[in-house]
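Visitor: Before I ask anything, let me first share the structure, which is written out below as structure tokens.
Residue numbers (the UniProt record's numbering): 1 to 401.
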């Protein structure tokens, strides 16, 4: 209670019944005020205010960061092609694939999984490759594929529509590539069909002789472009049946440039066989033997993989077939039967076809053997491969000349 001014003349009767009053003049006989309690309350109030301010600041900062990352994940779209017209968000990809459901899963590899999707905006069917970023090489694969595909345009290369890099709904990093959907799956599906590949007549689908020749030509055309006609030389490094896709007309397309090596223009001009030391790349059975010994990359490595692919297409045997032991492999298997006994090693499905097709087998196997020669210097160039294959096709169907 104040003790100055009008309060100096106050009597005890003025404050009777006010038990919570303290201080004042001695004549009032009031208890002393506890200044320590007041001081402690003031300190506690200040601390509480500081804590509240800090809490609000931290929560606000967290919400702003979360909002920014979510916005980036939903809106950030990076087109692999400068002229790309398709802009997609993470949200639209989730809806297109039904939340990346197992029903839409159409394939998987070392760096991610591929899902079929239908875009709400135009009803187009797409293939979405979602990178597994827990794999240390997935991010490098994503960047390599974007770099390889942004400047190349060829009818036998799978077209990437766009790429997405951001975060998902949980705030985790997310990267995906969106491609044109290939109706007839991969070459591997047709060389080794399973029950789900049966057609409407409940018979297993298969490729005939002429279709295999055409696919071989398609792939050769694409490799020739990458090696000789592209603005920058590109080595694919992972050519195999699962990376050859087929459209509704059974035209072949090379896909998956996740391991591709891109060379600068000056290196391209200086040598077709310029190489870069990066260790082993590719898939066992398809990668050239020199890669396994630590040799450098070169276009001849792709030529070797192509040769193995051709031998596989016409024998129906994988290069990793369990019948190949020790020094035996697909190349030696075909070489041992060439040229007199090639009919014995040909895919049984093809042997049932017309005799004139079988007459071209020696020429086909010769290309496969030459391309898959152990020494890179003995392998022919992809331009020569294209010419030889056209010659074979012209013999089969002269009207196509």
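Each residue gets a CB set at the ideal place from its N, CA and C atoms; glycine is no exception.
#1: Using the beta-carbon count (16 or more within 10 Å), is residue 309 buried or exposed?
#2: Inspect the beta-carbon positions of residue 186 and residue 107 and report whether they are closer than 9 Å.
#3: Since residue 107 sits in a beta bridge, which residues does DSSP pair it with?
#4: Compute the Euclidean distance between the alpha carbons of residue 249 and residue 61, then round it to the nearest angstrom.
#5: Looking only at DSSP bridge pairs, what is residue 54 linked to?
#6: Rounded to whole angstroms, what's the CA-CA distance from residue 390 to residue 292? Just pull it up for me.
#7: My output table needs one value for residue 220: the three-state DSSP class, helix, strand or coil.
#8: Is the distance from the Cβ of residue 287 to the Cβ of residue 237 below 9 Å?
#9: Once you ignore the five residues that flank residue 126 on each side, which residues in its own chain have a CB closer than 8 Å to its CB?
#10: Which value, in whole angstroms, describes the spacing of the CA atoms of residue 154 and residue 224?
#11: In the structure shown, what three-state DSSP assignment does residue 209 receive?
#12: Give me, in chain order, the residues of the same chain whose beta-carbon lies closer than 8 Å to that of residue 259; leave out the 5 immediate sequence neighbours on both sides.
#13: Are residue 220 and residue 313 closer than 9 Å when you measure CB to CB?
#14: Out of 386, 22 and 32, which one is the CA nearest neighbour of residue 213?
#15: At the level of alpha carbons, what is the spacing between residue 305 and residue 372?
#16: Here's the rule: buried if 16 or more other CB atoms are within 10 angstroms of the residue's CB, otherwise exposed. What is residue 47?
#17: Tell whether a beta-carbon distance below 9 Å holds between residue 402 and residue 184.
#18: Return yes when the Cβ of residue 130 is within less than 9 Å of the Cβ of residue 100, no when it is not.
#19: Give the single residue among 176, 251 and 328 whose Cα lies nearest to the Cα of residue 207.
#20: Using the beta-carbon count (16 or more within 10 Å), is residue 112 buried or exposed?
#21: Considering only their Cβ atoms, is the gap separating residue 234 from residue 261 smaller than 9 Å?
#22: How far does the beta strand (DSSP E) with residue 245 in it extend, from its first residue to its last?
#23: By alpha-carbon positions, which one of 43, 330 and 397 ends up nearest to residue 354?
#24: Compute the beta-carbon to beta-carbon distance between residue 135 and residue 165, rounded to the nearest angstrom, for a pair I have assumed lies under 8 Å.
#25: To the nearest whole angstrom, what separates the beta carbons of residue 369 and residue 335, a pair I think is in contact under 8 Å?
#26: Which one or two residues does DSSP pair with residue 262 in a beta bridge?
#27: Could you compute how far the alpha carbon of residue 231 sits from the alpha carbon of residue 146?
#28: Mind checking whether residue 331 and residue 210 have CB atoms under 9 Å apart?
#29: CA-CA distance, residue 301 and residue 218?
#30: Quick check on DSSP: helix, strand or coil for residue 134?
#31: What number of angstroms, rounded off, separates the C-alpha of residue 89 from the C-alpha of residue 379?
#32: State the DSSP-derived secondary structure class of residue 120, mapped to helix, strand or coil.
#33: Out of 321, 319 and 365, point me to the one whose CA is closest to residue 341's CA.
#34: Can you give the Cα-Cα distance for residue 201 and residue 194, rounded to whole angstroms?
#35: For the segment 141-203, list the beta strand (DSSP E) runs that are entirely contained and at least 3 residues long, ordered along the chain.
Guide: In this structure, then:
#1: The count along the chain shown starts at 1 and reaches residue 309 at position 309. Residue 309 should be labelled buried.
#2: What you label residue 186 is simply residue 186 of the chain shown in a count that begins at 1. What you label residue 107 is simply residue 107 of the chain shown in a count that begins at 1. Going by C-beta atoms, residue 186 is nearer than 9 Å to residue 107.
#3: Sequence index remark: in the chain shown, residue 107 carries index 107 (1-based). Paired residue(s): 114.
#4: Here residue 249 corresponds to residue number 249 of the chain shown, with the count starting at 1. Here residue 61 corresponds to residue number 61 of the chain shown, with the count starting at 1. Going by the C-alpha atoms only, they are around 55 Å apart.
#5: As a first step, residue 54 is located in the chain shown; it is residue number 54 there, counting from the start. None; residue 54 has no bridge partner.
#6: For the purposes of this step, residue 390 is identified with residue 390 of the chain shown, where counting begins at 1. For the purposes of this step, residue 292 is identified with residue 292 of the chain shown, where counting begins at 1. Residue 390 and residue 292: Cα-Cα distance of roughly 33 Å.
#7: Residue 220 sits at position 220 when you count from the first residue of the chain shown. Of the three classes helix, strand and coil, the one that applies to residue 220 here is helix, per DSSP.
#8: Locating residue 287 in the chain shown gives position 287, counting from the first residue. Locating residue 237 in the chain shown gives position 237, counting from the first residue. The answer is yes: Cβ separation under 9 Å.
#9: Sequence index remark: in the chain shown, residue 126 carries index 126 (1-based). Counting only Cβ-Cβ distances below 8 Å, and skipping sequence neighbours, we find 96, 116, 117, 118, 119, 161, 178, 179, 180 and 181.
#10: The residue you call residue 154 lines up with position 154 of the chain shown. The residue you call residue 224 lines up with position 224 of the chain shown. Using only the alpha carbons, I get a separation of about 11 Å.
#11: Locating residue 209 in the chain shown gives position 209, where the first residue counts as 1. Helix.
#12: Here residue 259 refers to the residue found at position 259 of the chain shown. Correct list, in chain order: 141, 144, 236, 237, 238, 281 and 282.
#13: Mapped onto the chain shown, residue 220 falls at position 220. Mapped onto the chain shown, residue 313 falls at position 313. Contact: no.
#14: Counted from its first residue, the chain shown places residue 213 at position 213. Ranking the options by Cα distance to residue 213, first place goes to 386.
#15: Residue numbering aside, residue 305 sits at position 305 when the chain shown is read from its first letter. Residue numbering aside, residue 372 sits at position 372 when the chain shown is read from its first letter. Cα-Cα distance, rounded: 7 Å.
#16: For this step, residue 47 is matched to residue 47 along the chain shown. So residue 47 ends up on the exposed side.
#17: Outside the shown range of the chain, which is 1 to 401, sits residue 402, and nothing can be said about it.
#18: Sequence index remark: in the chain shown, residue 100 carries index 100 (1-based). Sequence index remark: in the chain shown, residue 130 carries index 130 (1-based). Yes.
#19: Stepping through the chain shown from its first residue, residue 207 is reached at position 207. It is 251.
#20: Your numbering for residue 112 matches position 112 in the chain shown. It is buried - the Cβ of residue 112 has at least 16 other Cβ atoms within 10 Å.
#21: By 1-based counting over the chain shown, the position of residue 261 is 261. By 1-based counting over the chain shown, the position of residue 234 is 234. Yes, the Cβ-Cβ distance between residue 261 and residue 234 is below 9 Å.
#22: Within the chain shown, the letter at position 245 stands for residue 245. Start and end: 244-246.
#23: For this step, residue 354 is matched to residue 354 along the chain shown. Considering only alpha carbons, the answer is 397.
#24: Residue 135 sits at position 135 when you count from the first residue of the chain shown. Residue 165 sits at position 165 when you count from the first residue of the chain shown. Going by Cβ atoms, the distance from residue 135 to residue 165 rounds to 16 Å, so no, they are not a contact pair.
#25: Position 369 of the chain shown holds residue 369. Position 335 of the chain shown holds residue 335. Confirmed, about 6 Å.
#26: Stepping through the chain shown from its first residue, residue 262 is reached at position 262. Answer by DSSP bridge pairing, in chain order: 234.
#27: Here residue 231 is taken as the residue at index 231 of the chain shown, counted from 1. Here residue 146 is taken as the residue at index 146 of the chain shown, counted from 1. Rounded to whole angstroms, residue 231 to residue 146 spans 15 Å at the Cα level.
#28: In the chain shown, the residue the question calls residue 331 occupies position 331. In the chain shown, the residue the question calls residue 210 occupies position 210. No, the pair does not count as a contact, with Cβ atoms beyond the cut-off.
#29: Here residue 301 refers to the residue found at position 301 of the chain shown. Here residue 218 refers to the residue found at position 218 of the chain shown. Between residue 301 and residue 218, the C-alpha separation is close to 18 Å.
#30: Against the chain shown, residue 134 aligns to sequence position 134. Of the three classes helix, strand and coil, the one that applies to residue 134 here is coil, per DSSP.
#31: For the purposes of this step, residue 89 is taken as residue 89 along the chain shown, with counting starting at 1. For the purposes of this step, residue 379 is taken as residue 379 along the chain shown, with counting starting at 1. Each residue's alpha carbon lies about 45 Å from the other.
#32: Numbered from its first residue, the chain shown carries residue 120 at position 120. Correct three-state label for residue 120: coil.
#33: The residue labelled residue 341 in the question sits at position 341 within the chain shown. Among 321, 319 and 365, the Cα nearest to that of residue 341 is on 365.
#34: Working through the chain shown from its first residue, we reach residue 201 at position 201. Working through the chain shown from its first residue, we reach residue 194 at position 194. With a pLDDT of 48 at residue 201, under the threshold of 50, the predicted position of this residue should be treated as unreliable, and no value is reported.
#35: 160-167 and 173-180
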